[in-house]
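Here my numbering is used: the first residue of the sequence shown is 45, the next is one more, and so on.
Beta carbons: idealized from backbone N, C-alpha and C, even for Gly.
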Amino acid sequence: MTDLVVTRWGARFGARRLPCALGRGGITGAKREGDGATPAGRWRVAGLYYRPDRLARRALPRGAKPIGPADLWSDDARDPAYNQPVRAPHRFSHERLRRGDRLYDLVLISDWNYPEATPGRGSAIFLHRWRKPRHPTAGCLAFAPGDLLWLARRLGPHSRIVVRG
């Protein structure tokens with residue numbers, strides 16, 4: 045089993061070191077919705093989404109799901125579907141998965157507080173493309189586009205994402 049190990053200095057997968065962006069709130073052991081922090085702990089990849097108008101399906105691992113115009117992710121702790129994929133229209137607060145920028149062209153969904161979510165413990169902790177090198181996220185892990193694709197092809201069901209504070 046190969047773990048993706050993440051610290052405030054970057055990430056390592058096997059012998060490869062990868063620059064990585066973390067949440068603007070740093071790494072925390074007490075994650076809360078909206079705190080901007082990346083939660084410390086051990087996670088697994090629970091899903092993979094991609095923009096079919098921007099990435100070819102054949103370049104991705106089996107099981108990748110296309111992101112459509114109505115695909116959203118609930119981030120409202122009052123929502124019965126909190127920290128779950130939902131579809132537009134959706135009356136609770138949510139995040140669009142089909143964004144105008146390229147951040148979510150390829151998204152690995154982590155099992156942080158998912159699929160059984162505790163309201164307020166944090167939602168949408170993804171691995172996605174970064175805005176620019178090491179630019180902080182809202183709590184996700186972000187990578188250069190080529191590194192993210194490289195990880196998506198190698199992180200398997202037995203791999204862990206280990207975030208160390």
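Have a look at the options and flag the residue whose alpha-carbon is nearest the alpha-carbon of residue i.
i      : options                        : result
Ala114 : Asn127, Arg178, Trp194, Pro133 : Pro133
Thr181 : Gly67, Pro63, Arg52, Asp123    : Gly67
Arg131 : Asp145, Pro124, Gly112         : Gly112
Ala161 : Ala84, Ser118, Thr82, Asp79    : Ser118
Gly80  : Pro177, Ile169, Gly54, Lys176  : Ile169
Gly78  : Gly200, Glu139, His202, Arg204 : Glu139
Lys75  : Leu192, Gly190, Gly183         : Gly183
What residues in its chain sit with their C-beta under 6 Å from that of residue i, if we drop five residues either side in the sequence?
i      : result
Ala108 : Leu92, Tyr94
Asn157 : Asn127, Arg165, Gly166
Leu147 : His172, Arg173
Ser137 : Asp119, Asp120
Please confirm whether residue i and residue j have their CB atoms less than 8 Å apart.
i      : j      : result
Pro129 : Pro110 : no
Trp87  : Ser154 : yes
Pro63  : Ala196 : no
Arg208 : Val50  : yes
Arg224 : Gly70  : Outside the modelled stretch of the chain, which goes from 45 to 209, sits residue 224, for which no answer is possible.
Asp232 : Leu116 : A question about residue 232 goes unanswered here, because the residues of the chain that appear run from 45 up to 209.
Phe57  : Thr72  : no
Arg198 : Ala65  : no
Counting only the same chain and skipping the five closest in sequence on each side, list residues whose C-beta sits under 7 Å from that of residue i.
i      : result
Pro163 : Ala121, Tyr126
For residue i, count neighbouring Cβ atoms within 10 angstroms of its own Cβ and tell me buried if that reaches 16, exposed if not.
i      : result
Pro124 : exposed
Gly144 : exposed
Lys176 : exposed
Pro83  : buried
Pull the bridge partners of residue i from the DSSP assignment, please.
i      : result
Leu117 : Note that residue 117 is Trp in the sequence shown, not Leu. For Trp117, which the question treats as bridged, DSSP gives the partners Pro129, Glu139.
Ala55  : Val50, Leu62
Gly91  : Ile153
Pro35  : Nothing about residue 35 can be reported from this structure: the residues present for the chain run from 45 to 209 only.
Lys109 : Tyr93
Among residues of its own chain, excluding the 5 on either side of residue i, which ones have a beta-carbon nearer than 8 Å to its beta-carbon?
i      : result
Leu141 : Tyr93, Ile111, Asp115, Leu116, Trp117, Pro129, Tyr148, Val151
Ala55  : Leu48, Val49, Arg61, Leu62, Pro63, Cys64, Leu185, Phe187
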